[in-house]
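To keep things clear, I will list the structure first and then write my remarks on it.
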Amino acid sequence: MQTHRQLGWLVAGAVLVAGNGAAAQTEIQWWHAMTGANNDVIVRLATEFNESQKDYKVVPTYKGNYPDTLNAGIAAFRAGNAPHIMQVFEVGTATMMAATGAVKPVHVMMKEAGETFDPNAYLPTITGYYSTTKGEMLSFPFNSSSTVMWYNKDSFKKAGLDPNSPPKTWPEVFEAAKKLKAAGHSNCGFGNAWVTWVNLEQFSAWHNVPLGTKANGMDGFDTELKFNTPLHVKHLQNLVELQKDKTYDYSGRTNTGEGRFTSGECAIFLTSSGFFGNVKANAKFEWGNAAMPYYPDVAGAPQNSIIGGASLWVMGGKNPAEYKGVAKFFTFLSNTDRQVELHKKSGYLPITKAAYEKTKASGYYKEFPYLETPLLELTNKEPTENSRGLRFGNMVQLRDVWAEEIEAALAGQKPAKQALDDAVSRGNAMLRQFERQVAR
Amino acid sequence: MDKRAIFGGVALPYLLLAPQLLVTLVFFYWPASQAVWQSFLLQDAFGLRTQFVWLENYRDLFAQRDYYRAMGTTAIFAVSVTTLSLSIALLLAVQADKHIKGAGIYKTLLIWPYAVAPAIAGVLWLFMFQPSLGLVARGLRSNGIDWNPLLNGNHAMLLVIMASTWKQISYNFLFFLAGLQAIPRSVIEAAAIDGARPIRRFWTIVFPLLSPTAFFLLVVNIVYVFFDTFGIIDAMTGGGPSKATETLVYKVFFDGRLGGDLGSSAAQSVILMVIVVGLTAFQFRYIERKVTY
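Which chain is which? The protein sequence lines are A and B, in order. So for the first sequence, numbering that gives the first Met the number 0 puts the first residue at 0; every next one is plus one. So for the second sequence, numbering that gives the first Met the number 0 puts the first residue at 0; every next one is plus one.
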C-alpha cells in the first residue's frame with residue numbers, strides 16, 4: 000500500500016516535470032503588492048496573457064504591502080535574483096530611478112525588444128510622473144488614482160446642504176463641515192486619509208505652487224523643499240483651528256482612517272479615488288465625490304492634480320528573451336479594450352488616451368460620474384513644473400517626517416508656521432543624505 | 000559553597016559545547032559583525048554604490064536631536080513595561096498558586112497570550128482602543144475623555160505600553176508559577192506555624208527563594224522591550240504621533256527598512272547592542288549579588 004502510494008506520487012511528479020519541459024516557456028516573475036479584489040485583477044491579467052500566447056508565462060507573486068514588496072525586490076536584487084517586473088508605489092520612484100543598472104528603463108526595453116511603443120498614446124499626467132523630463136518612460140504605470148473629495152449625501156440633506164452641489168473651495172468646505180458637525184457629525188465634520196499626500200503634495204499641485212525646487216525634484220536630486228509658504232501655513236492653520244472642536248478630525252498618516260467615511264462618522268472625506276470600490280461595497284448611505292477644494296484667492300487655482308498609486312518597474316540584468324516577454328506583456332496591458340475594462344472594473348485610471356476617450360464616448364461616465372472625477376482633475380489644465388508630479392529621494396520617510404510635524408501642529412505642540420518650517424528643514428537634511436547615498 | 004562541577008579531559012567538554020558555539024557563531028557573531036561593518040559604510044538601498052565613511056554614521060546620529068529623544072522614549076517604555084509586566088505576572092502567579100477551584104483553567108488562560116504574535120497583539124489592542132472603531136475607546140469618549148492616540152502622544156505611549164506588557168505577562172507568569180511551585184511547602188508551613196502572616200511569609204521566604212527566577216526574567220524582559228516590541232509599535236502607532244512612541248529599535252527598522260539607509264540603521268543597531276550588553280552586564284554585576292540560588 001505504502002509503496003503504491005509513493006509510486007503514484009513519483010508518476011505524478013514525472014508527468015509534471017515532463018509537462019513543464021514540453022512547453023519551454025520563458026517565465027516572467029511579477030512581484031506585486033495587491034490584495035483582495037485588486038489581487039484578482041492581477042491574477043486575471045496574468046492568466047489572460049498566458050492564454051493569449053505560448054512563448055511566455057507571467058507568474059504573479061504577492062510580496063506584502065508596498066514597502067514590503069520594494070524591500071523584497073531590493074533584497075532579491077542584492078542576492079542576485081531579482082524578479083523581472085516589480086510593482087513599486089509612486090513614492091518609491093526616486094529610489095528606483097537612482098538605481099542605475101538595477102533597473103531597465105521601460106522606453107529602452109521597448110525599443111530593444113522591437114515592440115511598437117508610442118509614448119504619446121499615454122495620458123501625460125499619468126506617465127509624466129514616471130518619465131524623465133524629456134518624456135522617456137522609466138516605469139510602466141499600472142494602478143493610478145488621484146485625490147478626490149467623498150461626501151455623504153444623506154448627511155448633506157440632514158444639515159440643510161444641497162447634496163448635488165458639494166462645496167468647491169476650502170472656505171466652503173469649512174462652512175459645510177460646521178453645519179454637518181451641528182447636524183450630528185460631532186466627532187468629524189470632515190477628515191482626510193494620507194495626510195501629507197492630500198494636504199501638501201496634491202494641495203501644492205492643485206494651487207500651482209512648488210512643493211520643492213527643480214520641478215518638485217523631477218529635474219534633479221539637488222532639490223529643496225518649499226512648502227512653508229504663507230498659503231501652506233494658512234491651510235494648516237485652518238486645520239489646526241478646526242481640529243480643536245473636531246470640525247476637522249485627523250485620521251492618521253495612511254488610509255486606515257478611511258473607514259470613518261464608510262461608517263458614517265465623517266461626512267466629508269478627502270482620499271484616493273481608488274477608495275471607490277470600498278465605498279460602493281460598504282457605505283450604507285447615498286454618497287458622491289467631487290474635485291478637491293481650493294482657495295479661491297490663489298491665482299490660477301485649481302491647476303491639475305497629480306497621481307498616486309503604483310507603476311511596474313523592469314529590473315536589470317535579464318536576458319533579451321525575457322525582456323521581449325516583458326515588452327509583449329506591457330503591449331498587452333496597453334490594449335485599449337483591456338484598459339477600458341480594467342478602468343471600469345477596478346476603478347483604476349486608464350493609462351492611454353484612447354481608453355479614456357472610448358470610455359467617455361460610451362456614455363459610461365454619465366452613469367458613473369464619480370469614476371471620471373479624478374480624470375477631470377488630472378486633465379484640468381496643462382501640467383506645469385509644479386503639477387507634473389514629484390520625485391524626492393527617501394520619499395517614504397519624508398512623508399512620515401512631514402506627517403510628524405503636521406501631527407505636532409494639530410496637537411497644539413507648535414504653531415503651524417513652525418511645524419512647516421521644521422518639516423522643510425528636516426526634509427531637506429534627508430534629501431541631502433539621499434543625494435550622498437546615490438552620488439557616484 | 001562551590002557552584003562548579005569539574006570535568007576531566009579537554010576534548011569532551013569542547014565537543015559538547017561545539018553545537019551551541021556553532022549556533023552562536025553563525026546566528027549571533029556573524030550577523031553582528033556584519034552590522035558593525037555595515038555601520039561604517041554609506042550605501043544606497045540597492046547596494047550599487049558603497050563608500051567607507053569611518054564613524055560618520057555615528058557622528059550623524061549623535062548630532063540628531065531625534066536620537067536622544069528616542070533614547071528617552073525607550074527608557075520610559077522599558078522601565079514601564081518591565082516593571083508592570085513583572086509585578087502583574089508575580090501577583091497573578093501568587094494568586095494562581097493558591098488552592099482555588101479551577102486553578103488549572105486560570106493558569107491555562109493566563110498563558111495563552113504568549114502564543115499571540117506581537118503584530119497581532121498590536122492589532123487586537125488597536126481594535127479596542129482605536130478612536131472611531133474601538134469599543135473601549137468609544138466608552139472612554141462617551142464618558143467625556145477625549146481619547147485620541149492618533150494625536151495625543153501620551154495616549155499612544157500608554158497604548159503601546161499596555162499591549163507590550165500584556166504580551167509579556169504570560170511568559171513571566173509561567174516562570175513565576177514554576178518558581179513558586181518549586182518552593183517546598185514545608186518551609187512555608189513552618190513559618191505559618193511560627194505565626195507569620197501571608198504577607199510576611201511572602202517577603203521573607205517566597206520572594207527570596209524566587210529571586211533567581213525574578214533575576215532571569217528581568218534580563219529577559221529588558222531584552223524583550225529593547226528588541227521584540229517593534230512589531231507592536233509598528234502595528235499600533237508606527238512610532239507616532241510625532242515620534243512619541245519611536246523607540247530605538249523602531250528607529251532602526253524605520254531608517255533601515257523604510258528609509259533604505261542601511262549604514263545609519265546598522266550604526267543604530269550596534270549602539271543598541273552595546274546598550275543592551277551593558278545593561279545585562281550591569282545586572283549580572285550588581286543585581287545578581289542579591290540573588291540567592
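For glycine and all other residues, C-beta sits at the position ideal for the given N, C-alpha and C.
Open item on the list: Give me the subset of the segment 35 to 56 of chain B whose CB atoms are less than 7 Å from a CB atom of chain A, sorted by chain position.
Closed with: LEU41, GLN42, ASP43, ALA44, PHE45, GLY46, LEU47 and ARG48
Task: A/ALA21 to A/PRO59 span [Cα, whole Å] - done: Residue placement at A/ALA21 is flagged as unreliable, the pLDDT there being 43, under the threshold of 50; a coordinate-derived value is accordingly withheld.
Task: Contact set between B/PRO240 and chain A, taken where Cβ atoms lie within less than 7 Å - done: GLU406 and ALA410
- [ ] Assign B/ILE182 to one of three DSSP states: helix, strand, or coil.
- [x] coil
Task: B/ILE274 - DSSP class collapsed to helix/strand/coil - done: helix
Open item on the list: Could you give the first and the last residue of the continuous beta strand (DSSP E) run that contains A/GLN86?
Closed with: 84 to 88
Task: DSSP three-state assignment for A/LYS323, whether helix, strand or coil - done: helix
Open item on the list: Can you give me the C-alpha to C-alpha distance between B/ASN56 and A/TRP312, rounded to a whole angstrom?
Closed with: 31 Å
TODO: Compare the C-beta of A/LYS294 against all C-beta atoms of chain B and say whether one is closer than 8 Å.
DONE: The residue asked about is misnamed: residue 294 of chain A is Tyr in this sequence, not Lys. No, because no Cβ of chain B sits closer than 8 Å to the Cβ of A/TYR294.
TODO: Please list the residues of the segment 211 to 242 of chain A that have a C-beta atom closer than 9 Å to any C-beta atom in chain B, keeping them in chain order.
DONE: GLN242
Open item on the list: Give me the chain A residues within the contact set of B/ASP131, using Cβ-Cβ distance strictly less than 9 Å, ordered along the chain.
Closed with: At residue 131 of chain B the sequence reads Ser, which differs from the Asp that was named. Going along chain A in sequence order, the residues near B/SER131 (Cβ under 9 Å) are ASN186, CYS187, ASP248, SER250, GLY256, GLY258, ARG259, SER262, GLU264 and CYS265.
Task: For A/ASN64 and A/VAL57, believed in contact at Cβ under 8 Å, the rounded distance - done: Going by Cβ atoms, the distance from A/VAL57 to A/ASN64 rounds to 21 Å, so no, they are not a contact pair.
TODO: Could you have a look at B/VAL25 and say whether DSSP puts it in helix, strand or coil?
DONE: helix
Open item on the list: So that I know if they touch, is there some Cβ in chain B lying closer than 8 Å to that of A/THR94?
Closed with: yes
Open item on the list: Per the DSSP calculation, A/SER130 is bridged to which residue(s)?
Closed with: A/MET136
Open item on the list: Does B/PHE215 come out as helix, strand or coil in the three-state DSSP assignment?
Closed with: For B/PHE215, the secondary structure class from DSSP, reduced to helix, strand or coil, is helix.
TODO: Please list the partners that B/LEU257 has in chain A, where partner means a Cβ-to-Cβ separation under 8 Å.
DONE: PRO66, VAL395, GLN396 and ASP399
Open item on the list: I need the DSSP call for A/LYS413, collapsed to helix, strand or coil.
Closed with: In the structure shown, A/LYS413 sits in coil (DSSP, three-state: anything other than H, G, I, E or B).
TODO: Could you check the C-alpha separation between A/PHE329 and A/GLU135 for me, to the nearest Å?
DONE: 15 Å
TODO: Could you name the residues of chain B that A/GLU403 contacts, counting a contact when the two beta carbons are closer than 8 Å?
DONE: GLY239, PRO240, SER241 and LYS242
Open item on the list: Checking 8 Å against the spacing of the C-beta atoms, do B/TRP225 and B/ALA77 come in under that value?
Closed with: In the sequence on display, residue 225 of chain B carries Phe and not Trp. Against a cut-off of 8 Å, the Cβ pair of B/ALA77 and B/PHE225 comes out as a contact.
Task: Beta carbon of A/THR94 nearer than 8 Å to that of A/GLY426 - done: no
Task: Presumed contact (8 Å Cβ cut-off) between A/PHE141 and A/ALA309, rounded CB distance - done: 6 Å
Open item on the list: Please list, in chain order, the residues of the segment 56 to 89 of chain A that have any C-beta partner in chain B closer than 7 Å.
Closed with: PRO66, ASN70, ILE73, PHE76 and ARG77
- [ ] Kindly say whether A/ARG390, judged by its beta-carbon, lies nearer than 8 Å to any beta-carbon of chain B.
- [x] no
- [ ] Only counting runs of 4 or more residues, tell me where the alpha helix (DSSP H) segments fall wholly within the segment 22 to 58 of chain A, in order along the chain.
- [x] Along the segment 22 to 58 of chain A, the alpha helix (DSSP H) occurs as fully enclosed runs of 4 or more residues at 35 to 51, listed in sequence order.
- [ ] Return yes when the Cβ of B/ASP233 is within less than 8 Å of the Cβ of B/TYR223, no when it is not.
- [x] no
Task: Whole runs of the alpha helix (DSSP H) within the segment 331 to 358 of chain A, excluding any shorter than 4 residues - done: 335 to 345
TODO: Could you work out which residues of chain C lie near B/ASN151, taking near to mean beta carbons separated by less than 9 Å?
DONE: Of the protein chains in the structure, A and B, none is chain C.
Open item on the list: Considering only the alpha carbon of each residue, which of B/THR164, B/ALA195, B/ALA88 and B/THR23 lies closest to B/PHE174?
Closed with: B/ALA88
Open item on the list: Determine whether the beta carbon atoms of B/LEU60 and B/SER263 lie at a separation below 8 Å.
Closed with: In this structure, B/SER263 lies closer than 8 Å to B/LEU60 by Cβ.
Task: Contacting residues, own chain, Cβ-Cβ under 7 Å from A/ALA360 (five flanking each side not counted) - done: none
Task: Opening and closing residue of the beta strand (DSSP E) in which A/TYR150 lies - done: 146 to 151
Task: Beta carbon of A/LEU409 nearer than 8 Å to that of A/LEU179 - done: no
- [ ] Starting from the Cα of A/SER271, find the closest Cα among A/LEU348, A/GLU264, A/LYS213 and A/ALA320 and give me that residue.
- [x] A/LEU348
Task: Buried versus exposed, by CB contacts within 10 Å (16 or more), B/GLN154 - done: Inspection of the sequence shows that residue 154 of chain B is occupied by His rather than by Gln. Result: buried.
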